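K.L.:
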Amino acid sequence: MRFLPHLVQVNEKYRDKGVEIIMATDVDKADALEKFIAEKGLKLGVARVPDVYKLVKASGYPTSYGIDVDGKCIWRGHPQGLNDALVDTWLKDMRAPSLPRELAAPLASAAQNYDAGRYGSALEAASKLLKHKDDKLKADAQYVVDVLQGRADMYKAAAELFKKEGYHDKLADVLELAAKEFDDDFGKDCGKDAKKVKGTKAYKACTEAREALAKLKETLKGKKGEDRAKAVDKFKKEHGDTPYAKEAEELRAEPKEPAKDGH
Amino acid sequence: MKTLGMALFLALAAMPLAAMEKGDEAPNFKFEAQWGTLPGAKQLTDYRGKIVFLEIWKIH
């Protein structure tokens, strides 16, 4: 599979942000699949699913799908079509999954806030009912708390990761997103942090580098050898203090011709 | 009998025959075996709340 390195890359970059890659196959010889995974040292989710082709009515291989937080298909295409820009679009619309059932009546206010995307208020309302003596109510409250706490933790993890990697632009984005959703102290802190980040030189440098990288990708289309190297070197000279320099470096080599069968 | 026949016909007509498209609910399927997936995940619905990139693949 020629797309493996590409998928592994996306997986590493986005797993902490709530995006999971599952490669599903219905190969019935488990030993063959295990051998393949071991040989390639796959660091992706791989699952054996009997009759998976029939289940999703795949019309050809490879076929891939984007599936949202509620299990709905949001994209179908060739795995080669998976790129950062696409995943970023998905993440932009990422919300908590719809509540799977009608919640016990005392949770009405939590549910209302949840559906309206005010996760801080929903979390607060549900937290108050965690020790209620009614078991169903308690379980419902726990469900809401788990989902929303998990979401807050995901934002925290993403912010940590961006900070560590030096993506100050994406750091500000994720903080603003958390601030928009969580109308509580956590959200307020995120909002303050986002403002701080946006006032830094590093933020400005990253924003400029991100735009420049998009342009570089356009420029490199159809370019070969030394021309590519020159453009990449120029980018690295101008944006070397941002993590985008590393991404530019990966563009130095010409992309391989797309495979006809993809595998 | 006629009612049953009609019900069956309607049930069949409602079944998606075309490939999964944008907007369709993904069929829930169970993992018979898995490697490197979410810890404890046994089926696709265990990924609710996450965005999933699902690739259907073959080993040649």
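So the protein lines, in turn, are chains P and B.
By the working numbering, the letter at position 249 of the first sequence is numbered 249, and the numbering carries on one by one without gaps.
So the working numbering is basically just the index in the second sequence, starting at one, shifted up by 1000.
For every residue, glycine included, the Cβ atom is placed at its ideal position computed from N, Cα and C.
Because the structure is a prediction, the values reported are computed rather than measured.
To the nearest angstrom, report how far apart B:P1027 and P:G225 are at their CA atoms.
P.N.:
Taking the straight line from one Cα to the other gives about 46 Å.
K.L.:
Who are the near neighbours of B:L1044 in its chain, counting only those whose CB is closer than 7 Å to its CB and skipping five residues on each side?
P.N.:
So the list reads A1026, N1028, F1029, once near-sequence residues are dropped.
K.L.:
Closer than 7 Å, CB to CB, is P:M23 near chain B or not?
P.N.:
Chain B, which has a Cβ nearer than 7 Å to the Cβ of P:M23, makes this yes.
K.L.:
Look at the Cβ atom of P:Y203, then the Cβ atom of P:A172, and state whether they are nearer than 7 Å.
P.N.:
Result yes, Cβ atoms of P:Y203 and P:A172 sit closer than 7 Å.
K.L.:
Here's a check: name, in chain order, each residue in its chain whose Cβ is nearer than 6 Å to the Cβ of P:A104, leaving out the five neighbours to either side.
P.N.:
Taken in chain order, the residues that qualify are K136, L137, D140.
K.L.:
Quick one: residues in its chain with C-beta nearer than 8 Å to the C-beta of P:D134, no 5 flanking neighbours on either side, listed in chain order?
P.N.:
Taken in chain order, the residues that qualify are A104.
K.L.:
So is P:E181 in contact with chain B if we call contact Cβ pairs under 7 Å?
P.N.:
Not closer than 7 Å to any Cβ of chain B, the Cβ of P:E181 fails to qualify, so no.
K.L.:
Of all Cβ atoms in chain A, is any one closer than 7 Å to the Cβ of B:D1024?
P.N.:
The structure shown contains no chain A; the protein chains it does contain are P and B.
K.L.:
So what does DSSP say about P:F235, is it helix, strand or coil?
P.N.:
The answer is helix: DSSP assigns P:F235 an H, G or I state.
K.L.:
Under three-state DSSP, which class holds P:D261?
P.N.:
Only weak support is given to the placement of P:D261: the predicted model assigns it a pLDDT of 43, under 50, and the value that follows is read from those uncertain coordinates. It is coil, neither helix nor strand.
K.L.:
Leaving out five residues before and five after P:K236 in sequence, what residues of the same chain have Cβ atoms less than 8 Å from its Cβ?
P.N.:
A245, A248, E249.
K.L.:
Under 7 Å, do P:R252 and P:V232 count as touching if we go by C-beta distance?
P.N.:
Closer than 7 Å, so yes.
K.L.:
Identify the residues that DSSP records as bridge partners of P:R48: which are they?
P.N.:
Beta-bridge pairing links P:R48 to P:T25, B:A1033.
K.L.:
Counting along the chain, where does the beta strand (DSSP E) carrying P:S109 start and finish?
P.N.:
Segment 108-115 is the alpha helix (DSSP H) holding P:S109; no beta strand (DSSP E) there.
K.L.:
With 7 Å as the threshold, decide whether the Cβ of B:Q1077 is near any Cβ in chain P.
P.N.:
Past the boundaries of the shown model lies residue 1077 of chain B; chain B is included only from 1001 to 1060, so the question cannot be answered.
K.L.:
If we count the other Cβ atoms within 10 Å of its Cβ and call it buried at 16 or more, is P:E218 buried or exposed?
P.N.:
When all chains shown are included, P:E218 counts as exposed.
K.L.:
What residues in its chain sit with their C-beta under 6 Å from that of P:D68, if we drop five residues either side in the sequence?
P.N.:
Only I74 meet the Cβ criterion.
K.L.:
Report the rounded CA-to-CA distance for P:D51 versus P:T63, giving the unit in angstroms.
P.N.:
Those two C-alpha atoms are separated by around 15 Å.
K.L.:
Which residue spans inside the region 168-230 of chain P form an unbroken alpha helix (DSSP H) run of at least 4?
P.N.:
Correct list: 168-181, 185-198, 201-220.
K.L.:
Establish whether the CB of P:P62 and some CB of chain B are separated by less than 7 Å.
P.N.:
Yes, P:P62 lies at the interface with chain B (some Cβ there is under 7 Å from its Cβ).
K.L.:
Between P:Y65 and chain B, is the shortest Cβ-Cβ distance under 7 Å, so that the two count as touching?
P.N.:
Closer than 7 Å to some Cβ of chain B, the Cβ of P:Y65 qualifies, so yes.
K.L.:
In this structure, what does DSSP give as the bridge partners for P:T63?
P.N.:
In DSSP, P:T63 forms a bridge with B:I1056.
K.L.:
With a threshold of 6 Å on Cβ separation, who are the neighbours of P:G262 within its own chain once the five nearest residues in sequence on each side are excluded?
P.N.:
Confidence at P:G262 is low in this model, with a pLDDT of 41, below 50, so its placement is unreliable and the value that follows should be read with caution. Around P:G262: P62.
K.L.:
Taking only the alpha-carbon atoms, compute the straight-line gap between P:I21 and P:N83 and give it to the nearest angstrom.
P.N.:
Their backbone Cα atoms lie some 13 Å apart in a straight line.
K.L.:
Going by C-alpha distance, which of P:D185, P:G199, P:D93, P:Y167 is nearest P:L277?
P.N.:
Beyond the ends of chain P as shown, which are 1 and 263, falls residue 277 of chain P; an answer cannot be given.
K.L.:
Once DSSP output is grouped into helix, strand and coil, what is the label at P:V19?
P.N.:
Three-state result, P:V19: strand.
K.L.:
Which residue or residues does DSSP assign as beta-bridge partners of B:K1022?
P.N.:
Beta-bridge pairing links B:K1022 to no other residue.
K.L.:
Identify, in the order they occur along the chain, each residue of the same chain with its Cβ nearer than 7 Å to the Cβ of P:G18, setting aside the five sequence neighbours on each side.
P.N.:
Closer than 7 Å at the Cβ level, and outside the excluded window around P:G18, lie M94, M154.
K.L.:
By the 10 Å Cβ neighbour count, where 16 or more other Cβ atoms means buried, how is B:L1010 classified, buried or exposed?
P.N.:
With a pLDDT of only 46 at B:L1010, under 50, the local geometry of the prediction cannot be trusted, and no value is derived from it.
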